[in-house]
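Protein chains in written order, with our numbering: chain A, 1 to 278; chain B, 1 to 216. We put the beta carbon where it would ideally sit given N, CA and C, even for glycine. What you are looking at is a predicted structure, and each value in this text was computed from that prediction instead of being measured. Working notes, structure below.
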Amino acid sequence: MWSSRGHGQRIGALTLIGTAIVMPLVVFVLGPHMPPGKGTPVASSQVTDNTVLLVVMTPFTVFILVYLGYALTVFRAAKGEGLVDGAPVRGHFMAQLVWLVTTTAAVLFLAIFGTTELLADNGAGGGGGPDPVAKPGGSVLPVQVIGQQWEFTYRYPTYGGVETATLVLPAGRQIAFHVTSLDAIHSFWAYELGVKADANPGVDNVAYVRTKNPSTFQIRCAELCGLWHGYMSDTGRVVSQADFATWIAARKKQFAPVMKYLPKYAPSYAPDPTFRAG
Amino acid sequence: MRAKLAILVAAVLAVAVLIGFYIGFLTGGPTPYRPQASGRSVDLTLQTVAAVGSKLSPNKNWVSYLVRENGVWHRSTVWTLPANTLVHVTVYNFDGKSGLRNPFLAQARGVVGGSFAIDGKQMSTIAPDDASHTFAIPTMGVIVPIKGVDDNAPKQCDYAPCPMSNAHETITFTFRTGKKGHYRWQCFVPCAAGFVYGFGGPMQTVGYMDGYVNVV
Numbered sequence: 001m002w003s004s005r006g007h008g009q010r011i012g013a014l015t016l017i018g019t020a021i022v023m024p025l026v027v028f029v030l031g032p033h034m035p036p037g038k039g040t041p042v043a044s045s046q047v048t049d050n051t052v053l054l055v056v057m058t059p060f061t062v063f064i065l066v067y068l069g070y071a072l073t074v075f076r077a078a079k080g081e082g083l084v085d086g087a088p089v090r091g092h093f094m095a096q097l098v099w100l101v102t103t104t105a106a107v108l109f110l111a112i113f114g115t116t117e118l119l120a121d122n123g124a125g126g127g128g129g130p131d132p133v134a135k136p137g138g139s140v141l142p143v144q145v146i147g148q149q150w151e152f153t154y155r156y157p158t159y160g161g162v163e164t165a166t167l168v169l170p171a172g173r174q175i176a177f178h179v180t181s182l183d184a185i186h187s188f189w190a191y192e193l194g195v196k197a198d199a200n201p202g203v204d205n206v207a208y209v210r211t212k213n214p215s216t217f218q219i220r221c222a223e224l225c226g227l228w229h230g231y232m233s234d235t236g237r238v239v240s241q242a243d244f245a246t247w248i249a250a251r252k253k254q255f256a257p258v259m260k261y262l263p264k265y266a267p268s269y270a271p272d273p274t275f276r277a278g
Numbered sequence: 001m002r003a004k005l006a007i008l009v010a011a012v013l014a015v016a017v018l019i020g021f022y023i024g025f026l027t028g029g030p031t032p033y034r035p036q037a038s039g040r041s042v043d044l045t046l047q048t049v050a051a052v053g054s055k056l057s058p059n060k061n062w063v064s065y066l067v068r069e070n071g072v073w074h075r076s077t078v079w080t081l082p083a084n085t086l087v088h089v090t091v092y093n094f095d096g097k098s099g100l101r102n103p104f105l106a107q108a109r110g111v112v113g114g115s116f117a118i119d120g121k122q123m124s125t126i127a128p129d130d131a132s133h134t135f136a137i138p139t140m141g142v143i144v145p146i147k148g149v150d151d152n153a154p155k156q157c158d159y160a161p162c163p164m165s166n167a168h169e170t171i172t173f174t175f176r177t178g179k180k181g182h183y184r185w186q187c188f189v190p191c192a193a194g195f196v197y198g199f200g201g202p203m204q205t206v207g208y209m210d211g212y213v214n215v216v
């Protein structure tokens with residue numbers, strides 16, 4: 001059915017055709033549904049990044065599947081044919097060249113694209129350490145995220161350092177999350193916001209995000225941190241500026257009794273060893 | 001060919017059985033305690049002890065919660081409670097003070113009236129260093145700090161179950177269960193003696209300082 005020559009050309013042609021068919025589906029059908037959604041500019045940027053990664057991997061995936069299908073179809077042993085070793089592989093300059101050039105180009109592109117994207121949007125929603133390379137200009141609302149086994153709590157230094165058990169953010173504001181921990185390593189993951197930053201004891205890990213419209217978002221711990229790690233989740237809210245002002249005033253009133261016991265706001269806390277620490 | 005297939009099927013079944021045993025071991029726990037409902041409320045009576053004792057646990061020196069059922073103290077931290085019902089909780093704490101790592105957790109939340117009582121005296125916070133334990137169901141937004149017994153108090157309890165003649169603090173409060181669900185509860189005070197940061201052993205094991213509330 002097939003001549004012994006031209007396998008490479010046929011596989012290449014089938015790969016191109018397959019890529020031409022699949023690529024529009026990836027870009028226009030799958031792309032808009034990539035995580036984490038478009039809750040913030042950072043999240044939208046991550047959707048774009050994930051779509052670009054898919055676009056880059058699509059021709060390679062199509063090639064592998066075409067190669068597999070081609071091999072199963074063309075190189076299948078005829079019924080009754082014995083097992084025969086194939087011809088020795090001597091190398092193929094053009095195949096090697098094409099493979100090296102395409103994979104090198106893909107890896108270099110991803111390295112440059114990834115580095116650029118990491119610096120875009122003030123750190124792409126990831127933790128940039130205590131002194132991030134990329135910082136937003138203008139007014140920023142700092143919110144401290146404190147991880148502890150097994151709950152996140154939040155401090156608002158702009159509002160007298162009040163601490164709350166729920167995370168509420170004003171819409172249309174640039175937020176600086178200062179993520180830290182009181183015990184084990186946790187990871188603050190605000191999924192729809194596109195924010196994920198490790199919470200390390202004694203470290204102020206800063207992540208930036210600009211909120212958009214009022215919405216809700218899921219908060220999870222993304223670092224295995226003990227017995228109730230799987231339960232360390234919550235739902236955060238982005239609310240209007242007016243609602244936020246009302247909410248924070250109510251929290252200041254609610255938690256006034258415990259404020260006298262809270263330590264002065266600091267980028268991180270190192271509580272004394274407890275009475276029973278081993 | 002058939003022999004190989006039979007061996008393969010047997011191997012798959014054996015692995016499935018082993019996985020079943022493993023999951024059963026992991027999910028198995030103390031028998032759930034279901035308090036008797038009285039009208040629109042239930043009573044839940046608990047005891048917290050510094051050392052659970054050999055009668056109630058193979059880890060006799062582990063700190064633990066106990067629950068009273070028909071007048072007898074059991075080491076069970078899985079409780080079944082009716083939905084949308086007031087739960088009147090009494091905690092007899094025989095343990096000393098360990099202190100909270102996060103002082104914010106020293107204020108009660110999610111309880112009826114926003115306060116709890118220690119030996120009959122209503123309050124909403126305690127000094128964080130005085131905390132012995134907490135009663136907390138985070139998903140329900142419930143947390144109550146449990147004040148510890150003074151170090152120099154007479155008649156300290158060595159091993160559970162502790163008689164009421166031993167030094168203790170009595171903490172009472174009420175919370176309302178919400179919708180049906182499977183909630184975890186935990187202690188937030190690192191009270192596990194001898195473990196790193198006080199957060200190992202009984203703090204990481206259901207049946208001691210952690211458990212479930214099944215709201216039905």
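Quick check: what's the CA-CA separation for residue i versus residue j?
i                 : j                 : result
Pro161 of chain B : Ser76 of chain B  : 13 Å
Ala171 of chain A : Leu193 of chain A : 12 Å
Asp210 of chain B : Trp79 of chain B  : 11 Å
Arg101 of chain B : Val189 of chain B : 7 Å
Gly110 of chain B : Gly178 of chain B : 11 Å
Trp2 of chain A   : Ala77 of chain A  : Note that Trp2 of chain A scores a pLDDT of 49, beneath 50, so its modelled location is shaky and nothing firm can be said.
Leu72 of chain A  : Ile64 of chain A  : 12 Å
Tyr208 of chain A : Leu169 of chain A : 13 Å
Val133 of chain A : Phe28 of chain A  : 34 Å
Phe113 of chain A : Gly198 of chain B : 45 Å
Val17 of chain B  : Lys4 of chain B   : 20 Å
Ile126 of chain B : Gln107 of chain B : 7 Å
Val107 of chain A : Thr166 of chain A : 42 Å
Ala87 of chain A  : Val74 of chain A  : 15 Å
Return yes when the C-beta of residue i is under 7 Å from any heavy atom of the ligand SAM, and no when it is not.
i                : result
Ala43 of chain A : Looking for the ligand SAM in the displayed structure turns up nothing, as the structure carries no ligands at all.
In the DSSP assignment, find the alpha helix (DSSP H) that holds residue i and state where it starts and stops.
i                 : result
Arg251 of chain A : Gln241 to Gln254
Asp49 of chain A  : Pro41 to Val74
Met94 of chain A  : Phe93 to Leu119
Gln9 of chain A   : His7 to Pro24
How would you write the range of the beta strand (DSSP E) that residue i sits in, first residue to last?
i                 : result
His74 of chain B  : Val72 to His74
Ala131 of chain B : Ala131 to Ile137
Val203 of chain A : No beta strand (DSSP E) contains Val203 of chain A, which DSSP labels as neither H nor E.
Ile171 of chain B : Glu169 to Arg176
Pro142 of chain A : Leu141 to Gln148
Cys221 of chain A : Ser215 to Cys221
Ser181 of chain A : Gln174 to Ser181
I think residue i touches residue j, with their Cβ atoms under 8 Å apart; what is that distance to the nearest whole Å?
i                 : j                 : result
Asp95 of chain B  : Val49 of chain B  : 6 Å
Ala199 of chain A : Val143 of chain A : Between Val143 of chain A and Ala199 of chain A the Cβ distance is about 13 Å, and since that is not below 8 Å, they are no contact.
Gly226 of chain A : Ala184 of chain A : 6 Å
Met23 of chain A  : Thr51 of chain A  : The Cβ separation is near 11 Å, so there is no contact.
Val206 of chain A : Phe177 of chain A : 7 Å
Is there at least one Cβ from chain B nearer than 8 Å to residue i's Cβ?
i                 : result
Met1 of chain A   : Low local confidence applies: a pLDDT of 46 at Met1 of chain A is under 50, so the model's placement there is unreliable, with the coordinate-based value given in what follows. Output row for Met1 of chain A: interface = no.
Tyr231 of chain A : yes
Pro59 of chain A  : no
Glu151 of chain A : yes
Trp99 of chain A  : no
Tyr67 of chain A  : no
Glu163 of chain A : yes
Tyr295 of chain A : The structure shown does not extend to residue 295 of chain A, since chain A is modelled only from 1 to 278, so the question has no answer here.
Gly226 of chain A : yes
Pro257 of chain A : yes
Ile146 of chain A : yes
Tyr191 of chain A : no
Closer than 8 Å, CB to CB, is residue i near chain A or not?
i                 : result
Thr125 of chain B : yes
Ala131 of chain B : no
Ala106 of chain B : yes
Asp210 of chain B : yes
Gln186 of chain B : yes
Gln122 of chain B : no
Pro154 of chain B : no
Pro128 of chain B : yes
Gly141 of chain B : yes
Asn102 of chain B : yes
Arg109 of chain B : yes
Tyr22 of chain B  : no
Tyr65 of chain B  : no
Pro202 of chain B : no
Phe116 of chain B : no
Grab me the residues of residue i's own chain with a C-beta within less than 6 Å of its C-beta, minus the 5 sequence neighbours each way, in chain order.
i                : result
Asn61 of chain B : Ala51
Val67 of chain B : Tyr33, Leu46, His74 and Ser76
Got a sec? Which residues, its chain only, sit under 8 Å from residue i by beta carbon, not counting five neighbours each side?
i                 : result
Gly8 of chain A   : His92, Met94 and Ala95
Pro263 of chain A : Tyr269
Val70 of chain A  : According to the sequence provided, residue 70 of chain A is Tyr. The question's Val does not apply to it. Here the set comprises His7, Arg10, Ile11 and Leu14.
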